[in-house]
Each structure stands twice: as C-alpha cells, then as structure tokens.
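Working notes for the structure below.
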Amino acid sequence: MITGIPNSRSLEKDINDFFSANRSAKKMQFIFIDLKDFRKVNSRFGFNKTNDLLRAIAQTIYKRMRRNEDMYKYSIGDKIQSENFYRVYPGGDEFVFIIEGDQADALGFTNRLVYQFQELSKKTVQILGEHVYLSFHCAVVELDPRDSFTDIFRKAEDCYRIAKEGGEAFTICWHPNTIEFLLSKDPKKKAEYDRTRSIFEVMTIIDKDYG
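Just so we're aligned, residue 996 is where the sequence shown starts under the working numbering, counting upward by one.
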C-alpha cells in the first residue's frame, strides 16, 4: 500500500514458481537490504513523512529495474518461519531483490543501488525538511533449488548479522556457500568486484582467497 511494489507473498510465490518451473539451470541471486537507522528517522520525522520517503525510495528503484530483475517490499510485520530474523533487528525497513545472473551480476546490481541511494539522500530535504544520509546493510545469497523459502531467508540472516557489524556507510556480505573464490577473467566482472570494494564495507572472508 505504501510503496506500490510487490509484497512478501508475491516474493514467496515467485520463488516457488521459479523452482517448480525447473529453471534451476539459470543462476539467480537473492539480495536483501535493510535501511540503516530507519527507526530513528521514523521517531524524528513521523510516519507520514517517512512513508513518503519509503515510497520515493521504492519507486525510484523500481522504475529503474531491468527485465531480469524483480523487487519486493518485505515488512517487519510479515511472518516467515525463521524464529529470529525480524525480532532481532526491529526498526529498519527491508527490500528484497531477485535477479538473474551470477555473483558479479549481483555486485553490479548492488553498486547501482548505492548510486541511487546517494541520489535519494539529496532529495530527503524536499521530503523530510532536512538532509538525511541514506544507506543500507546488504546480504547476497544465490538461490538453490534444494532450499525452501525459509532456508533462503536463514542464509540471508547469516550474512545480515555479519553486515550489521559494519560501520556507518554501506555494508555487504556474501553467503559463504556462494562466494566465487576464483573470479572470472572477464574484466567487466572483476571491475564490478573492485567497484564494490571501493563503495562498500565488505563483511566477508573473501580477501584471503582473492588473487
């Protein structure tokens, strides 16, 4: 209702449809982002203004999505079988993205999100009445046909907990099972990785394995 984009029920249905259609030959990435300190923004500016901000964030990103990318709003009130995920980290606001491609494609997507959030930060004066720096924690998990919807979120939770340990800027974490230790020699993929290293605080063990 607030954001005008598909919700968590649509997310679960689309994931189940993807697996049931036997499209597992294609790599798909699950990207979860949580806006940092959004509870403080709610407390300071009130729900009406922050709802306007959420709508602006969602619509700005949604309108720029590519054909092989999907976006969903995942609210704290939505229930999944994971026991702790949204109880441990209340007060933020969450979005999920499903994109077709490998890890390098996921990195390219998250890099684009950062630039969009930097643009959106400049517009907060118009929406809230003063400037607010917008950033997010990010978890990336490759979809596995053997996983249930709950399994996927549990893996995302593993990464999210690590990403939350980062600093004030943008933080990102990959699930250990999907880290590509030897990146492709494709210079575009390496460029996306290097770009991610420059704009995110990367909360992962990949450093020692990256040559």
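The C-beta atom is built at its ideal place from N, Cα and C for all residues, glycine as well.
Excluding the 5 residues flanking it on each side, V1120 has same chain C-beta neighbours closer than 7 angstroms at H1126, in chain order. Sequence-distant partners of K1159 (beyond 5 residues in either direction) whose C-beta falls short of 6 angstroms from its own C-beta, in its chain, are H1132.
Separation of R1059 and F1013 (C-alpha to C-alpha, rounded to the nearest whole angstrom) is 22 angstroms. Contact between K1022 and E1137 holds: CB atoms are separated by about 6 angstroms, below the 8 angstroms threshold. Excluding its 5 nearest sequence neighbours in each direction, E1114 has C-beta neighbours in its own chain below 8 angstroms: T1055, listed in chain order.
Where E1137 is concerned, there is no enclosing alpha helix (DSSP H), although the beta strand (DSSP E) around it starts and stops at 1131–1137. Contact annotation: the stretch 1037–1046 does not touch the stretch 1100–1107, with fewer than three C-beta pairs closer than 8 angstroms. Residue nearest to R1062 within the set F1033, A1186, I1093 is I1093 (criterion: CA-CA distance). At a Cβ-Cβ threshold of 8 angstroms, T1105 and I1167 count as neighbours. Note on geometry: alpha-carbon atoms of D1189 and Q1111 lie some 19 angstroms from one another. V1109 sits in a helix when the DSSP states are folded into three classes. Across the structure, K1068 and V1197 are spaced so that their CA atoms are roughly 24 angstroms apart.
The Cβ neighbour count for T1145, taken over all protein chains shown within 10 Å, is under 16; the residue is labelled exposed. Secondary structure note for D1153: its alpha helix (DSSP H) is the uninterrupted segment 1144–1158. Assigned with DSSP and collapsed to three states, I1000 falls in coil, not helix or strand. With respect to the 8 angstroms criterion, F1027 and A1151 are classified as neighbours on the basis of their beta carbons.
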